[in-house]
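Reviewing the structure listed below.
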Amino acid sequence: MPIFAGMKKIVFSMLLVNVLGPGRVLAQRSERLQPKPGLVRLIDGNLRQAVNQYKILMGRVPADRLPRSYTASSGTLVTSDAGWWTSGFYPATLFYLYSDSRDTALLNEGQRRLKLLEKEQYNKGTHDLGFMLYCPYGDLLKLIHHSRLREPEAPIDSVLMNSARSLSTRFNPTVGCIRSWDSKPWNYPVIIDNMMNLELLFWATKESGDSSFYRIAVTHANTTMRNHFRPDYSSYHVVDYDTATGQVLARKTAQGFADSSAWARGQSWALYGYTMVYRYTHDPKYLEQAVHIADYILGRLPADKIPYWDYDAPGGPRVLRDVSAGSILASGLIELSRETPSAEKGLVYLSVAEQIMVSLSSGTYHAVVGANGGFLLMHSVGNLPGRSEVDAPLSYADYYFIEAMLRYKELEHPELW
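In this text, residue positions in the sequence shown follow numbering that gives the first Met the number 0: the first is 0, and each later residue adds one.
Listed below in structure tokens is the structure:
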């Protein structure tokens, strides 16, 4: 490492220590959050089943493709190339399952699939490099750190740093956001999903000491906070900007019921995203935003806590559920329960996450081993207006469900966070 780069990294690390403060407060905050033994036993059973189910999925995926969904009516496995936004979730899920099971077949398969993704580190045509590359490579990096695994042929740090540079090219300082799509009729569209890709930039800041990544991430988070949310803290799906002035041209939806409605997965992205930004910055305004979003969502959930695909879609109990929105929500709530200084709120958020995981473990949403094309969860909604992946399994629903269960088990070991 060049001396100057090393100095920048040291200075930034000192800044983080000053911002984060001593770990005692976090440790005290975590002491009140203990996993329930009965739910841990249920989760352990789920994870054992997941290993068996993903071994079935492993046998069905073509060597040059990555799984994204399954069409039950035709028995067809829906796959993608490495450039599709969900491409990273399959190897990332395998790494999560390996972290719990230590089954090397999962690790080896995940590492084989990384070779398909490697070239995407130079892809400047997508805003989803966090999903595509930080999820699998970041999870593998944690495994290497905790388990002393050997790095794959392509150094992880190099792949992720190039990915962060590619993502940064999509930032417009006049708008103050990372551009989502390049397609018409949009001028400069930014979707709430983009909050999830900021973690790649925070990682790059920490590893390189280059604060430009950090500035892009927090500027995007601030602009999104200012323009994406309604007074009740529900989020629009898409905000379109004028690149000359940075002004908002329109607030729309692409996947929700209506421009004015609360598309459920978007609300889950928002909650998870702002909780994550708080983890890296410890700026209380992001935690406050996450709490407001959580309180909005909790007021709209049905009895079993699995969200309707859009909280404003007409039809009452007949409205389709979106399991992917539920699994993202559960994982985000577990982290938020640890971060909020309110013991009462923390317990409420954790309780809802527990209810979601119990519901997702039931036969209503959880497939038996050998069914569902090899995926774990049923009844997600990808893009209902676009008639794509409706009432179907989705790779990212599985990923965030596994993450939620592992996060829950780790409540007993806050040092792992």
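Even glycine gets a Cβ: it sits at the ideal position worked out from N, Cα and C.
As DSSP reads the structure, H227 sits in no beta bridge. The beta carbon of D127 sits closer than 7 Å to the beta carbons of W84, N196 from its chain, once the five residues preceding and following it are set aside; these are given in chain order. M131 and E117 do not touch by the CB rule: their CB atoms are close to 11 Å apart, not below 8 Å. Residue pairing by DSSP places W262 opposite D309 in a beta bridge. The three-state secondary structure of A370, taken from DSSP, is coil.
Relative to N122, the option among Y407, P61, S157, S165 whose CA is nearest is S165. With respect to L38, V347 sits apart: the two C-beta atoms are not nearer than 8 Å. For the beta strand (DSSP E) assignment, the uninterrupted runs of no fewer than 3 residues enclosed by the region 28-116 are, from N- to C-terminal side, 65-70, 75-79. Distance from G175 to T218 at the Cβ level is roughly 5 Å; contact confirmed, criterion being Cβ atoms closer than 8 Å. For N382, the enclosing beta strand (DSSP E) has its first and last residue at 379-382. Rounded to whole angstroms, the gap between the alpha carbons of I155 and G109 is 14 Å. In the DSSP assignment, L200 falls within the unbroken alpha helix (DSSP H) covering 197-207. Rounded to whole angstroms, the Cβ separation of S336 and Y399 is 16 Å, and the two are not in contact under 8 Å. Beyond the five residues adjoining it in sequence on each side, T173 comes within less than 8 Å, by CB distance, of T242, A243, T244, G245 in the same chain, given in chain order. In this model, I296 and R112 are separated by some 35 Å (Cα to Cα). E198 is the residue among T92, P313, E198 whose C-alpha sits nearest the C-alpha of T274. Per DSSP, Y399 is one residue of the alpha helix (DSSP H) stretching across 394-408. The region 258-269 and the region 202-212 do not touch, with fewer than 3 CB-CB distances between them shorter than 8 Å. Across the structure, W180 and N186 are spaced so that their CA atoms are roughly 9 Å apart.
In the structure shown, the three-state DSSP call for V237 is strand. If you draw a straight line from the Cα of Q354 to the Cα of S361, it is about 11 Å long. Boundaries of the alpha helix (DSSP H) around L139: 134-146. Judged by their CB atoms, G255 and H236 are nearer to each other than the 8 Å cut-off. If you draw a 10 Å sphere on the C-beta of P230, you find fewer than 16 other C-beta atoms in it, and that means exposed. Looking at the DSSP output, L376 bridges to H365.
Within a 10 Å sphere around the beta-carbon of V367 sit fewer than 16 other beta-carbons, which makes this residue exposed.
Judged by DSSP secondary structure, V158 falls within the alpha helix (DSSP H) whose first and last residues are 155-167. Around the beta-carbon of P36, fewer than 16 other beta-carbon atoms lie within 10 Å, marking it exposed. Looking at the DSSP output, R320 bridges to Y307.
With a cutoff of 8 Å on beta-carbon distance, T78 and P61 are scored as near each other. A Cβ-Cβ contact shorter than 8 Å links D321 with V380. Between the alpha carbons of Y285 and R250 lies a gap of roughly 22 Å. In the three-state DSSP reduction, K118 falls in the helix class (H, G or I). For secondary structure counted as the alpha helix (DSSP H) over 4 or more consecutive residues, the region 323-361 holds these complete runs in sequence order: 342-359.
D99 and H365 have their alpha carbons spaced roughly 19 Å apart. S234 counts as buried, since no fewer than 16 other beta carbons sit within 10 angstroms of its beta carbon.
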